[in-house]
Amino acid sequence: MQRNVSTTVRVKLHSLTNRKADLLARECEAFQTAVHGGDADLYSATDQQASKVKSQKNPNPDTEQPVVLRNDVFDVAHDEETVLSSWWVKVPVYDPEHGRGSSIWCPAHVPHKDEQLVREGDVRDSELVRRDGDWYVHLVVKRSVTVADEYDDLLAIDMGARWVATCVFLSDRNTTFYGEEVRRIREHYKQLRKSIGKAKPRQGQQVVERIGDAESRKVDDRLHKNARQIVADAEERNAVIVVGDLSGIREDNDKGRYVNDKTHKMPFARLLNYIEYKAHDAGVDVKLVEEYDTSKTCNRCACEGVRETQGRFKCQECGLDDNADKNGALNIGKRALGKFSKPLSEAGAVLAQPETQVIVPRDDEPANLPLLVDSTLSGGTPRL
Numbered sequence: 001m002q003r004n005v006s007t008t009v010r011v012k013l014h015s016l017t018n019r020k021a022d023l024l025a026r027e028c029e030a031f032q033t034a035v036h037g038g039d040a041d042l043y044s045a046t047d048q049q050a051s052k053v054k055s056q057k058n059p060n061p062d063t064e065q066p067v068v069l070r071n072d073v074f075d076v077a078h079d080e081e082t083v084l085s086s087w088w089v090k091v092p093v094y095d096p097e098h099g100r101g102s103s104i105w106c107p108a109h110v111p112h113k114d115e116q117l118v119r120e121g122d123v124r125d126s127e128l129v130r131r132d133g134d135w136y137v138h139l140v141v142k143r144s145v146t147v148a149d150e151y152d153d154l155l156a157i158d159m160g161a162r163w164v165a166t167c168v169f170l171s172d173r174n175t176t177f178y179g180e181e182v183r184r185i186r187e188h189y190k191q192l193r194k195s196i197g198k199a200k201p202r203q204g205q206q207v208v209e210r211i212g213d214a215e216s217r218k219v220d221d222r223l224h225k226n227a228r229q230i231v232a233d234a235e236e237r238n239a240v241i242v243v244g245d246l247s248g249i250r251e252d253n254d255k256g257r258y259v260n261d262k263t264h265k266m267p268f269a270r271l272l273n274y275i276e277y278k279a280h281d282a283g284v285d286v287k288l289v290e291e292y293d294t295s296k297t298c299n300r301c302a303c304e305g306v307r308e309t310q311g312r313f314k315c316q317e318c319g320l321d322d323n324a325d326k327n328g329a330l331n332i333g334k335r336a337l338g339k340f341s342k343p344l345s346e347a348g349a350v351l352a353q354p355e356t357q358v359i360v361p362r363d364d365e366p367a368n369l370p371l372l373v374d375s376t377l378s379g380g381t382p383r384l
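Just so you know, we're using the working numbering here: the sequence shown kicks off at 1 and counts up by one.
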């Protein structure tokens with residue numbers, strides 16, 4: 001089965017002149033003003049994107065929004081003959097000196113593994129992002145991939161504050177938790193930044209920036225390894241991958257300082273991007289499912305339960321006592337199958353017309369029964 005999918009490639013801009021760095025910073029700050037309803041001079045196409053972000057996202061004023069770059073006004077070029085860089089990105093900006101929109105070519109680093117994708121894929125609307133003093137362009141590249149249209153199992157993934165990913169196969173409830181190493185790395189560098197900031201208040205900022213680069217590289221390496229293992233497991237068992245959609249998790253979701261800090265710094269989007277990219281290369285499909293209420297619902301009886309601790313879920317109706325993230329992952333998987341008592345469309349699932357059909361036993365039967373697989377259906381309620 002052919003599918004058009006989008007992959008995000010993180011491209012770092014480097015060796016920027018002071019003028020180019022100032023223009024990027026000015027464009028980013030003007031974009032923040034515009035998305036929050038203020039007047040700002042922006043490149044005209046970028047100004048239109050700011051209006052869309054304002055109306056569609058209702059952005060948090062405390063969070064810096066990525067600058068949306070429309071694909072018809074920015075470009076990516078490759079030239080081995082240039083000394084400074086073989087990759088260049090043309091970024092649209094407003095030039096206050098001339099009082100009009102302009103464009104600047106910035107030297108860029110494209111990860112070696114993504115070079116062929118960027119050369120051959122169709123670059124769509126992308127984003128300019130500022131992080132720890134550096135500039136990145138998150139290139140959204142559209143491509144066509146071939147994925148299987150029949151599967152023997154379903155691998156459901158719940159992403160959360162405690163574990164970056166909790167993966168459960170629906171056939172036998174086999175569960176794997178990922179994220180301990182990511183948390184350890186983040187906590188180590190968090191404490192390191194605190195100690196350096198106190199010991200060297202003047203030189204500390206430069207050291208902290210270098211530490212941030214090291215942390216990002218280590219976390220990124222761990223995420224790639226996690227994604228590879230997840231996809232390998234799905235491929236071995238011929239399982240479609242279903243992931244809870246965390247869009248908007250940081251909006252209106254105050255769970256206290258400790259949990260907020262853990263949730264907001266977990267690299268969910270990066271891990272999902274790596275999973276999708278590697279899964280599609282392996283011929284495995286990935287689906288997003290609305291995550292709303294999956295953490296509060298009992299996967300056995302569909303009643304509302306309680307989380308006595310961050311990691312434990314209990315249901316007063318049927319007596320289920322299980323890991324909370326595992327329970328959430330099972331609900332995500334079942335939602336993809338229309339397993340809730342509500343119709344699939346009312347349950348909020350994205351898969352209104354599933355391309356694959358996987359049948360699992362009802363939950364009043366023993367949990368570890370074998371999974372039954374049916375042929376691909378065009379939609380409707382799964383047959384049980």
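Ideal placement from N, C-alpha and C gives every residue a C-beta, glycine not left out.
- By the neighbour-count definition (other C-beta atoms within 10 Å, threshold 16), M159 is a buried residue.
- Linking H138 to P111 through their CA atoms gives a straight-line distance of about 12 Å.
- The three-state secondary structure of C303, taken from DSSP, is coil.
- Judged by their CB atoms, Y94 and L42 are nearer to each other than the 7 Å cut-off.
- Scanning its chain for C-beta atoms nearer than 8 Å, with the 5 sequence neighbours on each side dropped, one finds around R26 the residues V93, Y94 and P96, in chain order.
- With a 10 Å radius around the Cβ and a threshold of 16 neighbouring Cβ atoms, N4 comes out exposed.
- Within the model, the alpha-carbon separation for S195 versus Y189 is close to 10 Å.
- Counting every other CB atom within 10 Å of its CB across the protein chains shown gives K278 a total of 16 or more, marking it as buried.
- Each residue's CA atom was taken as its position, placing A329 and N323 some 10 Å apart.
- Within 10 angstroms of the beta-carbon of S126 lie 16 or more other beta-carbons, which makes it buried.
- In the three-state reduction of the DSSP assignment, H224 falls in the helix class, which pools H, G and I.
- The segment 18 to 35 and the segment 53 to 66 touch, with no fewer than 3 CB-CB distances between them shorter than 8 Å.
- Residue pairing for P107: DSSP places it in a beta bridge opposite W88.
- Cβ-Cβ distances below 8 Å link R300 to C315, C318, L320 and D363 in the same chain, with the five nearest sequence neighbours on each side left out; the list follows chain order.
- Around the beta carbon of D281, a 10 Å sphere encloses fewer than 16 other beta carbons of the protein chains shown; the residue is thus reported as exposed.
- With distances taken between CA atoms, A165 lies nearest to R222 out of Y292, D75, N18 and R222.
- With 16 or more other CB atoms across the displayed protein chains lying within 10 angstroms of its CB, D325 is buried.
- Rounded to whole angstroms, S216 and R270 show a C-alpha spacing of 11 Å.
- Under the three-state reduction of DSSP output, F169 falls in the strand class.
- Residue environment: K113 is assigned as exposed (fewer than 16 neighbouring CB atoms within 10 Å of its CB, all protein chains considered).
- With respect to the 7 Å criterion, G283 and A156 are not classified as neighbours on the basis of their beta carbons.
- Beta-carbon to beta-carbon, D153 and F169 are separated by about 5 Å, close enough to satisfy the 8 Å threshold.
- DSSP places Q2 in the uninterrupted beta strand (DSSP E) bounded by Q2 to L13.
- Here DSSP, grouped into helix, strand and coil, assigns H188 to helix.
- Per DSSP, V53 is one residue of the alpha helix (DSSP H) stretching across S44 to K57.
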